[in-house]
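Residue numbers (the numbering used here): -18 to 160.
Quick look at the structure:
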């Protein structure tokens, strides 16, 4: 058999097989589920924060709207990182469930507390993903999640800081600074 024919046979056999990433023992079901959870949190926050930015802009709080809009963009980037990792493992990440926000539209403190709870949830999911990935030797997934964890922890500092400012200076003074 000639080399050309052997190559053609091998290519044909490869095309007949599933082309999905099948990597045995490279990661675990736990890591996959945690990636999906992180994805869901970031998709939800992308939606919620985008809506909040529009709402704040309409209220006239342009500075706060700009911060929230930037946060929404970061959440979108984090969602895309999760999607890419799940796609690498050829995992179905549908259906995503995006729940309606549980904050009152005109209640600034409730909005900030909602955002704080969300980044705390994201931080916990990302930390758990890092630990689970390292436990099975999936260092790449762990390393991919580190910047996401840092972003979530930055969000925790931001929203805790806003709540502290409101506590110290009052809501009206805080909102005056956001115009």
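Just so you know, even glycine gets a beta-carbon here, dropped at the ideal spot from N, CA and C.
Quick caveat, the model's predicted, so the values are computed rather than measured.
Status (buried if at least 16 other CB within 10 Å, exposed otherwise) for residue i
| i | result |
| --- | --- |
| residue 127 | exposed |
| residue 160 | exposed |
| residue 154 | exposed |
| residue 17 | buried |
| residue 87 | exposed |
| residue 22 | buried |
Sub-8 Å separation of residue i and residue j beta-carbons
| i | j | result |
| --- | --- | --- |
| residue 140 | residue 100 | yes |
| residue 93 | residue 42 | no |
| residue 8 | residue 70 | yes |
| residue 103 | residue 133 | yes |
Residue i: first and last residue of the uninterrupted alpha helix (DSSP H) it sits in
| i | result |
| --- | --- |
| residue 80 | Unbroken run through residue 80: none, as it is neither H nor E. |
| residue 9 | Unbroken run through residue 9: none, as it is neither H nor E. |
| residue 153 | 152 to 158 |
| residue 69 | 43 to 69 |
| residue 100 | 89 to 116 |
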